[in-house]
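There are 2 protein chains.
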Amino acid sequence: MKIESVDLFYVAMPEIRDVGDGSQDALLVRIQVGEYVGWGECDASPLTSIASFVCPMSHSACKPVRDSVVGQPLDDCADIRRIGDRVRANSLDLLQADHTLSGIDIALWDALGHRLGEPVYRLLGYRQATPKLPYASQLFGDTPQETLHKARLVRALGYRAAKFGWGPFGTGALDADIDHVQAAREGLGPEGVLLIDAGTVWGDDVERAAPRLEVLQQCQVTWLEEPFTSGALDAYRQLARLSGKVRLAGGEGCHNYAMAEHMLNYAGIGYIQIDAGRIGGISVAKRVVDAAHACGVTYVNHTFTSHLALSASLQPYAGSDADLLCEYPVETSPLAQSITRERIMPDQDGMIRLPERPGLGVTPDLAALAPYLVDVEIRVGRQVVYRTPELR
Amino acid sequence: MKIESVDLFYVAMPEIRDVGDGSQDALLVRIQVGEYVGWGECDASPLTSIASFVCPMSHSACKPVRDSVVGQPLDDCADIRRIGDRVRANSLDLLQADHTLSGIDIALWDALGHRLGEPVYRLLGYRQATPKLPYASQLFGDTPQETLHKARLVRALGYRAAKFGWGPFGTGALDADIDHVQAAREGLGPEGVLLIDAGTVWGDDVERAAPRLEVLQQCQVTWLEEPFTSGALDAYRQLARLSGKVRLAGGEGCHNYAMAEHMLNYAGIGYIQIDAGRIGGISVAKRVVDAAHACGVTYVNHTFTSHLALSASLQPYAGSDADLLCEYPVETSPLAQSITRERIMPDQDGMIRLPERPGLGVTPDLAALAPYLVDVEIRVGRQVVYRTPELR
């Protein structure tokens, strides 16, 4: 069967706030293959990714992503990997292409799952999806008092693990950071798994990061996430030598397999966090799972948006018992909550289980999404190269 | 003085052919700072880069590039570096941003050079620009006979160094590649510096690359360029161990400092090739020059487009005697040849010297460019977020 069409839908909250909440907009991908439909989501700038999909060719290694996808056969898993390779070769010099490919790859797996009547994780070779321990992923409060309140709240909601990130952390004085971490530990209680996310705030500056390690060790923080930007491998490795029981985590910025491999080989991390909506989709994420296992690094999803993105990010390591934790977004926008009809909720044990349905097991709620649809038109010369498709 | 405006111009040949000629279109950047104007050029998909410049904000780390540039002060070199850091932080999750920033950074250096009455290389700390030995950069012929003809031609034109790349090389049988390399050496004569560019054709497959080393050694090839994609550090290092006197070259795919640093630290290369129009501009390229010198790797520009891009790519290592070679595009499109009024030609010794004029020392030829201007309009909701500005 051939890929008949690939449609991109830009959805956004009416007002986008200048905060670290990546769920305020989304780029959804719909793929039609015969009678089967697959959906995916890119964690990417929607307008820029749309442009990379429809842009005129610049030369043989800078083609629009669309040209490598539409019309291709989709009969088995190998076809999805082949399409990914086509995109990477034909759009080698198109930087945005990896982000755009991510949502397409996810939609291809969803469509193939529907066609073959199997959940994606089974197509990836797992016999079953093991339960994951969700950590409530949220922003630090503006004040330590607010962080304390948020930590108490997630504990009261039954979460046994929580992550606090971004917000004021790392931007000001050491004392303020200490207060925030201690507040998070106090609110979560002594037993909870506590994770801290620095959101790349120290660039590649080990000297600024290192003084924070003491409070992280005292408060039994499991990991310190993204002290540095993804490429700062030396800085990661230097900090990892100092961090003791607190392991470093990173990888959400990886937008291809090679970047993740560099993190595994050279950064000294204990956890690698991959967003299937950025790294090139489920296919590339699964390669990283296998590579992480080969070198003793624990794999975790990165997801801060919808339950469609959540399902996509969980599939690549669904059957891996050793990788217990999963990121679970708890304070996403009303838009992100509207994206799917089904939701992936903690069960009575507080664990997350992937749906036992074909494909991703979640489907977009088109009626709920309609108010968020952004109307876009791109014209090049006399030709309209993109116009928001009908959402139905 | 404040940056008053940043305008992007998409120019393209009337017909774009499906060949490895990156000079068929361009994205030019014009920056107005008080009475001073600076120009830059991105080696990037023009429409996608325009979108990254004007896209609506997605969240605090995914803002349009424009927001980090327009209105900023530009009084000295530190301002340019600060603006680059702003773009990288505010557009952390916008993959295309590095390509877009590249042209902006170049235009900022050009504008500052005009304002201070100095060539850019002097603002970078070099007292003088030393002459560079240009290598004629061109595609392989479709047949060995054609490659022979092209090599004889560049030799007759006075070039003492030439690079052949892309085309059929590496895509077919070993024998065909041997014939092409031998033809290039025969045409160039025994004394010429011969460079071979595989254009990432072997992905990360050392087994496919290694059998080509013998003919490269026999034909005294100085470097084998891009046997693999930029991120394939392990593959590079493995091949480097086998390559003997033939050194590996790579780096044109680097779109930030960290990627170049990884090539220097882990890939075993002898030459690092940086395109100022991709890596984030002159500022980032200069950082790579300094890092390369610190670890004994030779720096070379990557340029396959206009003489504006050529000047920008030469400035970062203009004063470095040790880095003698420079890439010099010899078969660019009529568009690329129209971009500047001034051209940087080999002198009577066959050497390239940067202009001793303020800024980049070359200026766009607006009248010649006008026929190539692509009319673009991007509408989001009811708002036109981009419309091709007037070129005057």
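Residue numbers (numbering that gives the first Met the number 0), protein chains in the order written: chain A, 0 to 391; chain B, 0 to 391. We treat Cβ as the ideally placed atom computed from N, Cα and C, and that holds for glycine.
Just the Cα atoms here: how many angstroms apart are residue i and residue j?
i: P370/B; j: D348/B; result: 36 Å
i: A150/B; j: A197/A; result: 54 Å
i: A317/A; j: H301/A; result: 14 Å
i: I177/B; j: P55/A; result: 35 Å
i: V430/A; j: V68/A; result: In the structure as shown, chain A starts at 0 and stops at 391, and residue 430/A therefore has no counterpart that could be examined.
i: R286/A; j: Y256/A; result: 7 Å
i: V18/A; j: G112/B; result: 36 Å
i: A88/A; j: A60/A; result: 6 Å
i: V372/B; j: G191/A; result: Here residue 372/B turns out to be Leu, not Val, going by the sequence shown. Roughly 60 Å separates the two Cα atoms.
i: L324/B; j: G186/B; result: 20 Å
i: P333/A; j: M12/A; result: 8 Å
i: S310/A; j: D75/A; result: 20 Å
i: P357/B; j: V36/B; result: 12 Å
i: L407/B; j: A160/B; result: This structure leaves residue 407/B out entirely; chain B is present only between 0 and 391.
i: A275/B; j: G295/A; result: 38 Å
i: P63/A; j: T362/A; result: 27 Å
i: L138/A; j: K162/A; result: 8 Å
i: R277/A; j: E251/A; result: 8 Å
Run down chain A in chain order and give the residues with a C-beta less than 9 Å from the C-beta of residue i.
i: Y298/B; result: Within chain A, no residue comes near Y298/B; the closest Cβ sits about 19 Å away, beyond 9 Å.
i: D6/B; result: Simply none; closest approach about 17 Å.
i: L232/B; result: A257, E260, H261, N264 and Y265
i: A50/B; result: S44, L46, T47, S48, I49, A50, S51, C54, Q95 and I377
i: H306/B; result: Those do not exist, as H306/B stays about 19 Å from chain A at its closest Cβ, beyond 9 Å.
Compute the beta-carbon to beta-carbon distance between residue i and residue j, rounded to the nearest angstrom, for a pair I have assumed lies under 8 Å.
i: Y327/A; j: Y134/A; result: 6 Å
i: A291/B; j: D42/B; result: Not confirmed; about 20 Å, so no contact.
i: G249/A; j: Y235/A; result: 7 Å
i: Y183/A; j: L173/A; result: Checking the sequence shown, residue 183/A turns out to be Ala, not Tyr. Not quite, the Cβ-Cβ distance comes to about 16 Å (not below 8 Å), so this is no contact.
i: L241/A; j: L247/A; result: In fact, because the Cβ distance is near 10 Å, the residues do not count as touching under 8 Å.
i: P130/A; j: I351/A; result: 7 Å
i: P353/A; j: A128/A; result: In the sequence as displayed, the identity of residue 353/A is Leu instead of Pro. The Cβ separation is near 4 Å, so the contact holds.
i: S57/A; j: Q95/A; result: Rounded, the Cβ-Cβ distance is 13 Å, inconsistent with contact.
i: I103/B; j: G39/B; result: 6 Å
Is residue i helix, strand or coil by DSSP?
i: G249/A; result: strand
i: F139/B; result: coil
i: G33/A; result: coil
i: E326/B; result: strand
i: L372/B; result: strand
i: A231/B; result: coil
i: G164/A; result: strand
i: G102/B; result: helix
i: Y256/B; result: helix
i: I177/A; result: helix
i: Q272/B; result: strand
i: P333/B; result: helix
i: P13/A; result: coil
i: E40/A; result: strand
i: S4/B; result: strand
i: H148/B; result: helix
i: R392/A; result: It is not possible to answer for residue 392/A, since the shown part of chain A is limited to 0 through 391.
i: D196/A; result: strand
i: E341/B; result: coil
i: G202/A; result: coil
i: E224/B; result: strand
i: A25/B; result: strand
i: Y125/B; result: coil
i: K131/B; result: strand
i: V299/B; result: strand
i: I82/B; result: helix
i: R154/B; result: helix
Kindly list, in the order they appear in chain A, the residues whose Cβ is closer than 8 Å to that of residue i.
i: M56/B; result: I15 and D17
i: H179/B; result: Per Cβ cutoff of 8 Å: no residues; H179/B is ~18 Å from chain A at best.
i: H254/B; result: L94
Residues of chain B with CB closer than 9 Å to the CB of residue i, please, in chain order.
i: A393/A; result: Because residue 393/A is not part of the residues shown, which for chain A are 0 to 391, the question remains open.
Please compile the residues from chain A whose C-beta is within a distance smaller than 7 Å of the C-beta of residue i.
i: H98/B; result: L94
Relative to chain B, which residues along the region 16 to 38 of chain A have a C-beta separation below 7 Å, given in chain order?
D17, V18, G19, D20, G21, Q23 and D24
Just by C-beta distance, which residues in the region 216 to 230 of chain A are closer than 8 Å to chain B?
T228, S229 and G230
Contacting positions in the region 352 to 386 of chain A - beta carbon closer than 7 Å to chain B:
V373, D374, V375, E376, I377, R378, V379 and G380
Against chain B: residues of the region 234 to 247 of chain A by CB proximity under 7 Å:
none
What residues in the region 185 to 214 of chain B have a beta carbon less than 9 Å from any beta carbon of chain A?
G198, T199, G202 and D203
Using a Cβ-Cβ cutoff of 9 Å, what residues of the region 64 to 92 of chain B are near chain A? List them in chain order.
D84, R87, A88, S90, L91 and D92
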